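Participant: One structure follows; several queries about it will come next.
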Amino acid sequence: MGYKYKPNKGCVKRFKLTATGKVKRRGTMSTHLRSRRDAAMKRRLGRPAILAEGHARNIRAYMGAIKTRPNRIAHEKKLAAKAAKAA
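Mapping to the working numbering: the sequence shown position 70 is 72, numbers consecutive.
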């Protein structure tokens, strides 16, 4: 009998995949004791950040989305067509 893959539920809750396969995360230090942080830092930490590709590959594996990059190929084709048109 084969191995039943079980994705890491903690990663699924903490990270989101974009349509092009990038991994979004939230900033740290944004939950409590916020009064000691300045306004610019609070705004910056409120926005989602994109993980570097090396870390994103590992997180995708934990989430069970190893080969899932849904719109990435279409996105790269559009960029190539735009570059060819501009050149």
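The beta carbon of each residue, even a glycine, is placed where N, CA and C say it ideally should be.
Model, not experiment: these values are computed from the prediction.
Based on the DSSP output, what are the partners of K18 in its beta bridges?
Facilitator: In the sequence shown, the residue the question calls residue 18 occupies position 16. K26, per the DSSP bridge assignment.
Participant: How far does the alpha helix (DSSP H) with I61 in it reach, from first residue to last?
Facilitator: Reading the sequence shown from its first residue, position 59 is the one you call residue 61. 55-65 is the span of the alpha helix (DSSP H), which, as asked, contains I61.
Participant: When burial is assigned at 16 or more other CB atoms within 10 Å of the CB, is M65 buried or exposed?
Facilitator: Taking the first residue of the sequence shown as 1, we reach residue 65 at position 63. It is buried - the Cβ of M65 has at least 16 other Cβ atoms within 10 Å.
Participant: Per DSSP, I52 forms a beta bridge with which residues?
Facilitator: Taking the first residue of the sequence shown as position 1, residue 52 is located at position 50. In DSSP, I52 forms a bridge with K26.
Participant: Leaving out the 5 sequence neighbours to the left and right, which residues in its chain are closer than 7 Å to I61 when beta-carbon positions are compared?
Facilitator: What you label residue 61 is simply residue 59 of the sequence shown in a count that begins at 1. Only C13, F17, V25, L53 meet the Cβ criterion.
Participant: What three-state label does DSSP hand I68 in the structure shown?
Facilitator: Sequence index remark: in the sequence shown, residue 68 carries index 66 (1-based). In this structure, I68 counts as coil in the three-state DSSP scheme.
Participant: Short check: CB of P50 to CB of R36, under 8 Å?
Facilitator: Within the sequence shown, residue 50 is the residue found at index 48, counting from 1. Within the sequence shown, residue 36 is the residue found at index 34, counting from 1. The answer is no: Cβ separation not under 8 Å.
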